[in-house]
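Numbering (the numbering used here), first residue to last: 12 to 154. Beneath this line is the structure, given in C-alpha cells, with notes to follow.
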C-alpha cells in the first residue's frame, strides 16, 4: 500500500505544503478564537501528526502568531492566506480543510459547540469543549 501525499498552498501560491498518510481526525471547531481567526462562523479542521506536515515551498513567507500557548497559527505573509495551526500540547497540526482539497473531508466531531453561533444538525457528536483526552470535560451537548 502506498502512502498518500496531499499538496496544498496558500491563496497566492507562494507557500506550498504537503501532508502524508492518514489524518488523525477531522471535524469542526466553534470556539470564538477559531471563528475570529477564520472570519467565519465555524472552522473545518484536519488534524495531522507533526511529522506528516511539511512546508515544501516558501518557508520564508510563513508568519506565526500564538494567541495562546495552545495554538501556533501560521499564514502567508504575501497574501495573508491561512495555512495551519500547530497545537503543541496535543502534538497535532490542524491543516485547514480548504488548504488540502484533495483530502476527502469526513468530519467526525464538533468541538467547543457551547460557543457555537451556527447550529449544525448533522448527527455528529457535539462536545461542549473538548474530549477528555484533549484536556476537555468530555461533555456532549445536544444539537
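We put the CB at the ideal spot given by N, CA and C, even for glycine. Keep in mind the model is a prediction, meaning the values are calculated, not measured.
- Message: Which residue marks the beginning of the beta strand (DSSP E) containing residue 121, and which one marks its end?
- Response: Mapped onto the chain shown, residue 121 falls at position 110. Per DSSP, residue 121 belongs to the beta strand (DSSP E) from 120-122.
- Query: Less than 8 Å separating the beta-carbons of residue 35 and residue 94?
  - Reply: Start at 1 with the first residue of the chain shown, and residue 35 comes out as number 24. Start at 1 with the first residue of the chain shown, and residue 94 comes out as number 83. Going by C-beta atoms, residue 35 is not nearer than 8 Å to residue 94.
- Item | Sub-8 Å separation of residue 28 and residue 110 beta-carbons | On the chain shown, position 17 is the one that residue 28 refers to. On the chain shown, position 99 is the one that residue 110 refers to. Going by C-beta atoms, residue 28 is nearer than 8 Å to residue 110.
- Contacts around residue 101, its chain only, beta-carbon distance under 7 Å, and the 5 residues preceding and following it disregarded: Here the question's residue 101 lines up with position 90 in the chain shown. Excluding residues within five positions, the ones whose Cβ falls inside 7 Å are 145.
- Task: May I ask you to report which of helix, strand or coil DSSP gives residue 93?
- Result: For the purposes of this step, residue 93 is taken as the residue at position 82 of the chain shown. Strand, per DSSP.
- Close-in-space but distant-in-sequence residues of the same chain around residue 41 (CB under 6 Å, 5 per side omitted): Position 30 of the chain shown, counting from 1, holds the residue named residue 41. Correct list, in chain order: 53, 123, 124, 126 and 127.
- What's the call for residue 152, buried or exposed, on a 16-neighbour Cβ count within 10 Å? As a first step, residue 152 must be located in the chain shown, where it is residue number 141. When all chains shown are included, residue 152 counts as exposed.
- Message: Quick check: the Cα distance between residue 106 and residue 24, rounded to an integer number of angstroms?
- Response: Residue 106 sits at position 95 when you count from the first residue of the chain shown. Residue 24 sits at position 13 when you count from the first residue of the chain shown. Roughly 16 Å between the two C-alpha positions.
- Pairwise C-alpha distance: residue 38 and residue 64: Position 53 of the chain shown, counted from the start, is the residue given in the question as residue 64. Position 27 of the chain shown, counted from the start, is the residue given in the question as residue 38. One C-alpha to the other measures close to 18 Å.
- What is the C-beta distance between residue 26 and residue 59, in whole angstroms, given that I count them as a contact (C-beta under 8 Å)? Translated into positions along the chain shown, residue 26 becomes position 15. Translated into positions along the chain shown, residue 59 becomes position 48. Between residue 59 and residue 26 the Cβ distance is about 16 Å, and since that is not below 8 Å, they are no contact.
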